[in-house]
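Note sheet for the following structure.
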Amino acid sequence: MGKGISKSIDPIGGIGARQVLGTLDASGMRFGIVVARFNDELTDELARSACQCLEQHGAKPETIDVVRVPGAYEIPVVAEKMAAGKRYDALIVLGVVVEGETQHAQMIIDTTGQSILDIACRHQIPVINEIVGVRNWAQAKARCLGGENTRGWYAAEAAIETARVYKQLG
């Protein structure tokens, strides 16, 4: 059994129900990205790979807005403002939180995660959360550096596909 999301967007075989599938076609869509500056040597790469992915799948650079905020805690309030404006087909939020010796990192991950989910549901817009929580710097680099293998790239693909599903559902 595979780990993670399949690269194939195919119907589930053996069921007769109508199936709604997204595509990885970003053409004609607008995307907003909120990225934390904290740990910017990693978050800049997440943002770069997300933008590259969106463009590779048909988004024009002028349809992608990248907003930088100081840290992960500032992401939800800016994402809320962007979602409320109804300008975007999907939002992507990017940050890196490395565990320390206190519970602070887990508190950030938990509260921002819930806030982002609330924003998506309240405004009926895909908000793809890639505030990456890791135990150490090596894990952070493994998830954030490497082009198509980063959590930024994955977030962009998830944003495109989910936005296409939203459009089909009306």
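With the first letter of the sequence shown counted as 1, position 54 gets the number 53 in numbering that gives the first Met the number 0; the numbers rise by one all the way through.
For every residue, glycine included, the Cβ atom is placed at its ideal position computed from N, Cα and C.
Please read all numbers here as calculations on a predicted model, not as lab measurements.
CA-to-CA distance, residue j to residue i, given in whole angstroms
| i | j | result |
| --- | --- | --- |
| residue 20 | residue 159 | 12 Å |
| residue 10 | residue 22 | 12 Å |
| residue 164 | residue 36 | 31 Å |
| residue 126 | residue 141 | 23 Å |
| residue 53 | residue 14 | 32 Å |
| residue 149 | residue 85 | 28 Å |
| residue 144 | residue 156 | 17 Å |
| residue 0 | residue 121 | Because residue 0 sits at a pLDDT of 39, beneath the cut-off of 50, its placement in the model cannot be relied upon, and the following sentence gives the value as read from the coordinates. Rounded to the nearest angstrom, the two C-alpha atoms are 35 Å apart. |
| residue 169 | residue 47 | 31 Å |
| residue 138 | residue 123 | 32 Å |
| residue 56 | residue 62 | 13 Å |
| residue 67 | residue 166 | 27 Å |
| residue 16 | residue 116 | 28 Å |
| residue 103 | residue 80 | 25 Å |
| residue 8 | residue 108 | 29 Å |
| residue 105 | residue 64 | 28 Å |
Beta carbon of residue i nearer than 8 Å to that of residue j
| i | j | result |
| --- | --- | --- |
| residue 38 | residue 92 | no |
| residue 151 | residue 25 | no |
| residue 98 | residue 133 | yes |
| residue 154 | residue 28 | no |
| residue 58 | residue 118 | no |
Contact belief for residue i with residue j at Cβ below 8 Å, rounded distance in angstroms
| i | j | result |
| --- | --- | --- |
| residue 60 | residue 114 | Rounded, the Cβ-Cβ distance is 28 Å, inconsistent with contact. |
| residue 131 | residue 90 | About 16 Å separates the two Cβ atoms, so there is no contact after all. |
| residue 31 | residue 87 | 4 Å |
Cβ neighbour criterion (16 or more within 10 Å) applied to residue i
| i | result |
| --- | --- |
| residue 110 | exposed |
| residue 128 | buried |
| residue 147 | exposed |
| residue 44 | buried |
| residue 82 | buried |
| residue 41 | buried |
For a minimum of 4 consecutive residues, which ranges assigned as the alpha helix (DSSP H) are wholly contained in the region 11-83? 39-55 and 74-83
Going along the chain, which unbroken runs of the alpha helix (DSSP H) with 4 or more residues stay wholly within the region 85-132? 103-122
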